[in-house]
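For the sequence shown, position 66 (counting from the first letter as 1) is numbered 75 according to this note's numbering, and the numbering increases by one without interruption. All residues carry an ideal CB built from backbone N, CA and C; glycine is no exception. As the structure is a prediction and not an experimental result, all values here were calculated from the model.
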Amino acid sequence: IVFGTELLKAQINKQLPLSTDSDQLDSWISSPVPIYVQFWLWECVNVDEVVQQGLKPMLIQHGPFTYLKRRVKIDVHFNLNHTVSYHQPVSYTFQRNMSSNDEELPIKMMNTSIISLLALSHNLSNITHELINLIAKVFNESLFVTHTAREWIWGYEDPLLKAAKRLPIVGQFVPDDHFGYFYRQNNTDNGIFTVFTGEDDINRLNYIDKWNDISVLPYWHTPSCNQINGTDGNWFPPLTSVNKRLYLYSTEICRSIYITFEYHSSVLNIETESFSIPAEVFYNGTINPDNVGFGTLDSGVLDVSKCKQDAPIIISLPHFLYAAKRYKSRINGLMPNADIHRTVLEIEPFTGYVLNAQKRLQLNILIQYDPLFDDLKNLHDLILPALWLNQSGTIDQKTANELHKKVLRYFPIVHGISIAFVIFGVVSITVIIIVRIRRSLPRIRSLAYRGLVNEQPSPSSDAGH
10 IVFGTELLKA QINKQLPLST DSDQLDSWIS SPVPIYVQFW LWECVNVDEV VQQGLKPMLI
70 QHGPFTYLKR RVKIDVHFNL NHTVSYHQPV SYTFQRNMSS NDEELPIKMM NTSIISLLAL
130 SHNLSNITHE LINLIAKVFN ESLFVTHTAR EWIWGYEDPL LKAAKRLPIV GQFVPDDHFG
190 YFYRQNNTDN GIFTVFTGED DINRLNYIDK WNDISVLPYW HTPSCNQING TDGNWFPPLT
250 SVNKRLYLYS TEICRSIYIT FEYHSSVLNI ETESFSIPAE VFYNGTINPD NVGFGTLDSG
310 VLDVSKCKQD APIIISLPHF LYAAKRYKSR INGLMPNADI HRTVLEIEPF TGYVLNAQKR
370 LQLNILIQYD PLFDDLKNLH DLILPALWLN QSGTIDQKTA NELHKKVLRY FPIVHGISIA
430 FVIFGVVSIT VIIIVRIRRS LPRIRSLAYR GLVNEQPSPS SDAGH
């Protein structure tokens with residue numbers, strides 16, 4: 010059985026590598042699986058108590074606001090070193106029928122523009138810090154402002170940023186006069202990716218060789234944390250063991266992470282292995298020494314400001330799932346639930362195809378006490394959730410049928426043939442044993458008869474007694 014399965018695995022591994030004439034090239038370039046991104050935005054409903062008395066923010070979530078995500082690889086170029094390079098523009102289209110509200114819903118959220126400018130000024134002179142506070146007062150900026158869901162996600166022109174961009178010294182540090190958590194991420198791409206084709210080593214199939222021509226990131230404090238390691242999370246090499254970690258690199262969180270096996274599952278009657286991000290991936294360096302290079306925040310959160318143009322963005326799982334208690338205790342309204350807030354990938358083991366994915370992430374804002382800004386002088390430092398998202402995709406029946414037709418339908422045949430060979434072998438051995446026994450019976454009987462004859466006493470010996 011093992012021999013037959015391994016033989017078929019070897020045959021599949023010959024078909025999986027990417028090339029100009031490989032069967033899966035078209036689906037790799039443009040995935041047939043529809044991808045949806047759902048956003049939930051956090052609104053603070055006790056703004057006055059927070060600002061004036063320093064009480065805990067009470068948050069409620071609005072959503073989902075659902076968008077169809079389209080991505081197609083372009084400028085695909087196969088290189089001589091068994092790699093392929095490409096860009097992948099991404100576009101988002103609002104799906105009202107899959108959303109709880111229209112994207113024009115007004116929501117009051119943290120004024121991330123002023124928080125970002127104040128955080129920036131902490132690294133500059135005191136005069137610059139006071140100047141930004143003065144501008145904020147001139148523009149009557151408050152800690153919480155109202156914009157539509159669409160504006161919060163995709164961006165809006167911000168008068169404060171526009172004014173700050175014109176200031177000497179400060180202006181050079183202000184990247185744009187617009188703000189949005191995903192500003193400039195619609196109808197754009199994440200740069201150029203170069204991945205291994207798997208032709209020379211199937212275990213490196215779709216592993217990222219370089220991103221934007223670098224293989225080492227500039228954001229973190231140790232070489233291991235800066236390594237770009239793994240695939241993009243949409244396709245993995247064939248799984249050799251469920252005990253093996255699967256690595257992926259995420260541009261959203263600017264680091265590589267790994268997922269581990271949880272349980273056997275199935276998608277549309279196709280057997281899969283379910284993997285998830287373990288809590289240890291987001292432990293701080295004290296608990297998990299491998300993470301010492303990711304900063305000094307407590308477990309469950311990650312400061313990604315260095316790769317987000319110095320905006321005070323903190324990444325976590327939704328509702329601070331797996332995060333240190335200190336972060337959850339400072340916010341009211343959170344209800345972390347691993348079943349709906351963790352990341353889960355269901356992978357077909359022989360091909361490495363991801364048949365179902367639920368990738369979840371939360372964006373938070375680091376708020377720091379500031380005696381010069383009226384709305385911050387009563388607050389303690391805290392990390393405030395802004396929004397969380399779920400990027401999901403599941404193969405449809407047509408794609409499942411194609412996978413069965415091309416690959417998986419052969420496994421029952423191989424399994425049956427292997428069992429038949431086992432049965433044939435058992436029967437053959439049994440027949441051989443029976444034949445040998447039958448051939449040996451006359452000789453055994455002859456020897457037994459001679460033994461009995463030799464044991465009979467002779468007449469002369471009886472007479473002597």
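- When rounded, the separation of the alpha-carbon atoms in residue 20 and residue 206 is 17 Å.
- Across the set 331, 359, 222, the C-alpha of 359 shows the shortest separation from the C-alpha of residue 281.
- Residue 310 carries a strand assignment under DSSP once its states are collapsed to helix, strand and coil.
- The shortest C-alpha to C-alpha distance from residue 289 to any of 275, 307, 274, 283 is the one to 307.
- Put simply, the backbone Cα of residue 159 is about 44 Å away from that of residue 210.
- Judged by their CB atoms, residue 218 and residue 96 are not nearer to each other than the 7 Å cut-off.
- Residue 107 sits in a helix when the DSSP states are folded into three classes.
- Remark: C-beta atoms of residue 157 and residue 115 approach each other more closely than 7 Å.
- For residue 138, the secondary structure class from DSSP, reduced to helix, strand or coil, is helix.
- The C-beta separation of residue 341 from residue 65 comes to about 5 Å, placing the pair in contact by the 8 Å criterion.
- In the structure shown, the three-state DSSP call for residue 324 is strand.
- Each residue's CA atom was taken as its position, placing residue 180 and residue 215 some 41 Å apart.
- In the DSSP annotation of this structure, the continuous segment of the beta strand (DSSP E) that includes residue 399 starts and ends at 391-403.
- Residue 45 sits in a strand when the DSSP states are folded into three classes.
- According to DSSP, residue 363 shares a beta bridge with 356.
- Less than 7 Å separates the beta-carbon of residue 332 from that of residue 309.
- As the crow flies, the alpha-carbon of residue 317 is around 32 Å from that of residue 212.
- Around the beta carbon of residue 139, fewer than 16 other beta carbons sit within 10 angstroms, so the residue counts as exposed.
- Measuring C-alpha to C-alpha distances from residue 80 to each of 300, 195, 278, 258 identifies 195 as the nearest.
- DSSP, read as helix, strand or coil, puts residue 180 in helix.
- Contact between the segment 385-401 and the segment 33-40 is absent: fewer than three C-beta pairs spanning the two stretches fall below 8 Å.
- Contact between the segment 243-254 and the segment 122-137 is not established, with fewer than three Cβ pairs separated by less than 8 Å.
- Rounded to the nearest whole angstrom, the C-alpha separation of residue 109 and residue 237 is 37 Å.
- About 6 Å separates the beta carbon of residue 52 from that of residue 118, a gap short enough to meet the 8 Å contact definition.
- Taking a cut-off of 8 Å for Cβ pairs, the segment 82-90 and the segment 144-158 do not touch, as fewer than three such pairs fall below it.
- Residue 168 carries a helical assignment under DSSP once its states are collapsed to helix, strand and coil.
- In the three-state DSSP reduction, residue 58 falls in the helix class (H, G or I).
- Contact check for residue 47 against residue 73 passes: the beta carbons are separated by less than 7 Å.
- Burial state of residue 120 is buried, judged by a 10 Å Cβ sphere holding 16 or more other Cβ atoms.
- Of all C-beta pairs linking the segment 374-386 to the segment 270-286, fewer than three are shorter than 8 Å, placing the two stretches out of contact.
- Closest in alpha carbon position to residue 240, among 252, 266, 137, is 266.
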